[in-house]
Amino acid sequence: MVERLRRGKRRRGVKLSSQGWERLQTAETQQAATDNGRQPYTLEVLGQITGLSINTLTKVRSGKAPVDRQTIADYFEAFGLTLTPADYVHPEAIADDFPASVPKMAIAHGEIATGQVDWGEAPDVSIFHGRTEELATLETWLQSDRCRLVGILGMGGIGKSALSVKLAQQLQGEFDAVVWRSLRNAPPLDSLLQDLVLFLSDQTDSEATPNRLRHWLQASRCLVILDNVETILQASNRAGQYRVGYERYGDLFRLLGEAPHQSCVLITSREKPAEIAIFEGMELAVRSLQLRGSLKTALGVIETKDLVGSPQQKQQLCERYGCSPLALKIAAGSIQSLFDGEIGPFLDEGVFLFNGTQRLLDQQFERLSALEKNIMYWLAINREWTSIPALASDMVPAVTRSKLLEALESLGWRSLIEQQSRQYTQQPVVMEYVTERLIEQVVTEITEQKLARLIRHALLKTTANDIVQATQFNLILEPIAQQLLAHLGSAAEIATMLTQCLDPLRGKPPAQSGYAGGNALNLMRQLQVEVTHCDFSHLTIWQAYLQGLNLHQANFSQAHFSQTTFYDAFGGIHAVAVSPDGSLFAAAGTSGVIQLWQLANGEEYGCCRGHDGWIWSIAFSPNGEWLVSGSADQTVKIWDVKTGCCLHTLKGHTNWVRSVVFSPDGQLVASGSSDQMVKLWDLEGRCLNTLKGHTNYVQGVAFSPDGQLIASAGWDQRLNIWELESGECLHTVKDANSFWSLAFSPDGQAIATGNTDETVKVWDVQTGQCRQTFTGHTHAVRSVAFSPDGQELVSGGGDQTIKIWHVPEGRCLKTLSGHSNWIWSIAFSPDGRTLVSGGEDQTVRVWQTQTGHCLKSLTGYANAVRAIAFSPDGQTLVSGSDDYAVKLWDIERERCLKTFVGHQNWILSVAVHSDNRLIASSSADQTVKIWDIQRHRCVRTLPGHTNTVWSVAFSPQSQLLASGGHDRTIHLWDIQDGHRLAVLAHPSQVRSVAFSPDGQALVSGSSDKQVRLWEVNSGQCLRVMSGHTGMVWTVACSSEAGDANGLTIASGSSDKTLRLWDAQTGYCLRTLKGHTNWIWSVAFSPQGHLLASGSADKTVKLWDVHDGKCVKTLVGHANVVRSLAFNPQGNTLASVSEDETIKLWDVKTGECLKTLRGDRPYEGMDITGAQGLTDAQKATLEVLGAIGA
């Protein structure tokens, strides 16, 4: 829950009035322009100028607390101002005269934080007893002593969490921001840092580093509480050490304790982290409070449990259990059930002696029925609030609802579970105890080959949200895997043991074999075991996560599947949409297929097949019965949602269709295209009107809610608003940057646009004026969408984040992270509670808007091959693909010899050095890498580009490498030492680079539709060749074509043409036409008489350079042809495609000689006779290599 800071009790003093603030800001700005380079003053500098403390300055500027009048007078005097009565107000006289813009302005200057409280999952402390002394001590440490790092330490259940919340509630008015976070689920440090930095910076800073957190802790006075820190500590003999993978938390705590800042980080833990132990001291800024049992707190617990006894008996009970609130709650359950709530008889028994919560829990757990134990294990596995229906569906064997309710009631009486709105969970101490018990039992069962828990309980829930799944991997599967390794020695031995455990379960009904098969597979995946050729036939496979597990040739025949996660058969996602009733969502992209899922559970609903290229846009009709799609095949299609059948194909565009939408009444479709046109269609496929006015690609179209207007925007930096009836352009809004996307507000009064300048802008429909500009993204914004009520606006783009903006206040509410590549599309559900997003990372994600949590992620698999090169001897091929790998192929034996791994994103270009020793690769991860073929490793990583690196090329005559990137630069590198020799600036993104045969010249192709010729030695641009009407995606050079003394340049463009240029004059020698879609690759034959081209039309064409005629068209690829290469002899051509294949062609005959393909995730996986798979799942598995579907 996030709420505005509540002001504490009123104090005497004054605050700045609106007029006073304006006078002060004007004076500050004028003086800063003179002596601070026009940069706003930081709080530190203001402190030096005014002589006031940072804390006092923060109070004055934020208006959160009054100060004495002389303080403000001193502040004014420092800037040559005289304080007047109109410059300040008394708090008693106003509700809040301080202007709302003040915090935002100060935030922009990096001075104060958000002024918010985020309680996260903090427990309710409305009932709180005692701890007066501890609260006073902590308040002194935080307020008077300004401690930077404080630890509240104590045994589990002693009340650390409640104390931290109560303290924060009491002090929240003294801090600019308060945030409470639980580490119960052991979040990775990067995840926590991003969460905290985004919150403290008011969603303006997404740099997830310890230094950025310290920056914001210094910029304003914040209270950050981290609960359950023991979760990230190692359970070993030596206390205070961190679990494997969590060591960087120690570096963070060290930094927060040592480095100066004006905030406080408060942690709670059952053991003291080493950093606190090292740095703490009463004279220092790092301290810890050891929390003991409190009699007053304990007596308060007894009172709430309605136990009967004398004051002496109550005190004796409290002391017997160490005054531990949790222990007393648990003991109270036994007293109620066994002794009718009377303390005396219970004490007379004298058997419940306190010796730590662990022993108490042991005693309580042994008293539970089998069903109660099962429920406790499931709550520990689920790790979040769980409903009764969800618990019932988990149970194996099934139990009746009445027995389940009875067991839950019993557990509630025992105080072992928490209840809220008919949902249940456990306290952290109890959850940890049950989890450890589960881990211990599972390890014992596997080593002794006696399965029980492994059958009845899923160690991983594929149906859980992403956060819970990550916790199940880290806190359940990983500890089991590590303990099994300690017992059995090797992953292979564990795999053997697991398969032996499964053998007796083959052929048994699911109720008897339960979760064992899924658990075994999940453990094998966790251990990274090779399960190729393994036999899982006739087994029940429930709750198995089968992504990232090599299942080549595995046997799943006659298996029974349920709630199993496979890869989906889609690639990059360009478009998502949610049905009007919120029941379905759809996604489409590079696969050319529209896939539909049920929003409630993520189960696949169906698909629509028929496009012959990438799909760029989809939209549901208002009645939800149809879908419309726009594709790179230059068509618009209307589909029946229920059947998946194509009802109509609308033809008329002459380039990619980038955006489609239904009119509000469902009678019309509008489409925008790279042909610069907007077209209006009826549902029979007739084009009713073509709206002309754009001069570059149209990226987005939208109808106004009343259907009277159409808006269109694109790369010509224009937003056009058209009247539907007349087709007249009413307004043209011109901006300094291009538009990627647009959306009407629900009231039709505004249009939001996502822009290439990394901003989101909101425009007034009537005037065309910009109302608001939202800044915070760090890359082009590719998608925008309004919430149904118009209060929120979401945006996503190249920085891989989604931002939720509050439109009335103009501020960012949340930043959602999870995608690992560009986000292309976002859509709201009709109720505004859910978001669906799709990206180039081959995932579709479903988000909860209120919390920002990812509820479901669907992961596709498509391994497009984007780059190809021959070795100088022609015996091997080098390829680069979407799996981030560079592969070396043996052509004769048709197999992959070596895979080079190291890039963190797609491989877009590869080159082989003339000595056949080195490979260069460029990637969307913004790096260039050089690989040693003989030593099979990366010998150099060349950083320097600040965006995608599209192309690399070795110089034929020197130790020089060129790279061209999206950052509008060409870099020249010395490959001996990796030194960057030069950076050539380009006016637009560089898509391709190529050296001349003599290495003296370099050619580049760019998004600005031009080809450039550079002199390598001087870095001078010799010539600019213009003529293409679309982006130049590919260039190549030859000195043999036509004139042996001349240099000929070939270029291929999104305008579907090839051009041959005379390098000496810059004249276009020929324009080669024949492709019907964008051209991605060109290559000259070694002899220079042939030119090969690869296109999005899925063909390869061979051209005679001398006369420009097409000699052959090579057909066989099933998707975009991305790259081409001739072998050194010139008789074989290699082509690669987004269909994941490499094809070798006989240049003379045009015959396809060989097709090479890497293994897909489920290559040869046998699913003959498998049950529980839908037709859609079977089709997907078949596409990904499975047999027997």
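Heads up, the sequence shown stops at 1264 in this note's numbering, and the numbers go up one at a time, no gaps. For every residue, glycine included, the Cβ atom is placed at its ideal position computed from N, Cα and C.
Item                                                                                                         : Value
Assigned exposure category for Thr853 - 16 Cβ within 10 Å defines buried                                     : exposed
Among Arg458, Thr279, Glu214, nearest to Glu196 - alpha-carbon criterion                                     : Arg458
Ordered list of alpha helix (DSSP H) runs contained in the segment 134 to 168, each at least 4 residues      : 144 to 153
Check whether Gly871 and Ile648 have beta carbons under 7 angstroms apart                                    : no
First through last residue of the alpha helix (DSSP H) which encompasses Trp96                               : 93 to 110
CB of Trp689 within 7 angstroms of CB of Leu702, strictly                                                    : no
Spatially closest choice to Val704 from Trp731, Tyr680, Thr718, Asn698, by CA coordinates                    : This sequence places Ser at residue 704; Val is not what is there. The shortest C-alpha separation from Ser704 is found at Trp731.
Selection from Glu867, Tyr590, Ala153, Ala1254 that minimises the alpha carbon distance to Tyr680            : Ala1254
Element boundaries [alpha helix (DSSP H), containing Glu523]                                                 : 503 to 523
Whole-Å CB distance - Leu529 paired with Asn597, under 8 angstroms assumed                                   : With 8 angstroms as the limit, Leu529 and Asn597 do not qualify as a contact, their Cβ atoms being about 11 angstroms apart.
Secondary structure of Leu121, DSSP reduced to three states                                                  : helix
With 16 other Cβ atoms within 10 Å as the buried cut-off, status of Gly95                                    : buried
Neighbour-count burial assignment, Gly829, 16 or more Cβ in a 10 Å radius                                    : buried
Counterpart residues of Ala652 in DSSP-defined beta bridges                                                  : Ala661
First and last residue of the uninterrupted alpha helix (DSSP H) at Leu267                                   : 264 to 275
Same chain, Cβ closer than 7 angstroms to Glu355, neighbours up to 5 away in sequence not counted            : Val361, Arg362, Ser363
Every unbroken beta strand (DSSP E) inside the segment 889 to 973 [3 residues or more]                       : 898 to 903, 909 to 914, 918 to 923, 929 to 934, 940 to 945, 951 to 956, 960 to 965
For Gln841, the three-state DSSP class (helix, strand or coil)                                               : coil
Phe1029 - partner residues in DSSP beta bridges                                                              : Leu1036
Inter-residue spacing [alpha-carbon to alpha-carbon] between Asp437 and Trp255                               : 31 angstroms
Presumed contact (8 angstroms Cβ cut-off) between Val859 and Ala827, rounded CB distance                     : 5 angstroms
Alpha-carbon to alpha-carbon, Tyr321 and Ser266                                                              : 12 angstroms
Candidates Gln1246, Ser236, Ser1030, Asp948, of which the one nearest Val1068 by Cα                          : Ser1030
Beta-carbon spacing of His723, Gly760 below 7 angstroms                                                      : yes
Three-state class that DSSP yields for Arg395 in the structure shown                                         : helix
CA nearest to the CA of Ala539, picked from Thr639, Ala694, Ala634                                           : Thr639
Coil, strand or helix - Gln309 by DSSP                                                                       : coil
Proximal residues to Gln1139 (C-beta, below 8 angstroms), its chain only, five neighbours per side dropped   : Gly1121, Leu1122
Element boundaries [alpha helix (DSSP H), containing Gln245]                                                 : 235 to 246
N-terminal and C-terminal residue of the alpha helix (DSSP H) that Cys576 is part of                         : 566 to 577
Closest Cα partner of Asn896 within the set Thr1016, Thr1023, Lys404                                         : Thr1023
Gln587, buried or exposed, once every other Cβ within 10 Å from all chains shown has been counted against 16 : exposed
Which listed residue (Ser932, Ser654, Gln524) has its alpha carbon closest to that of Pro905                 : Ser654
Reduced DSSP secondary structure (H/G/I, E/B, other) of Arg886                                               : strand
Residues that DSSP places opposite Phe414 in a beta bridge                                                   : Per DSSP, none; premise fails for Phe414.
Ordered list of alpha helix (DSSP H) runs contained in the segment 582 to 640, each at least 4 residues      : 585 to 588, 591 to 601
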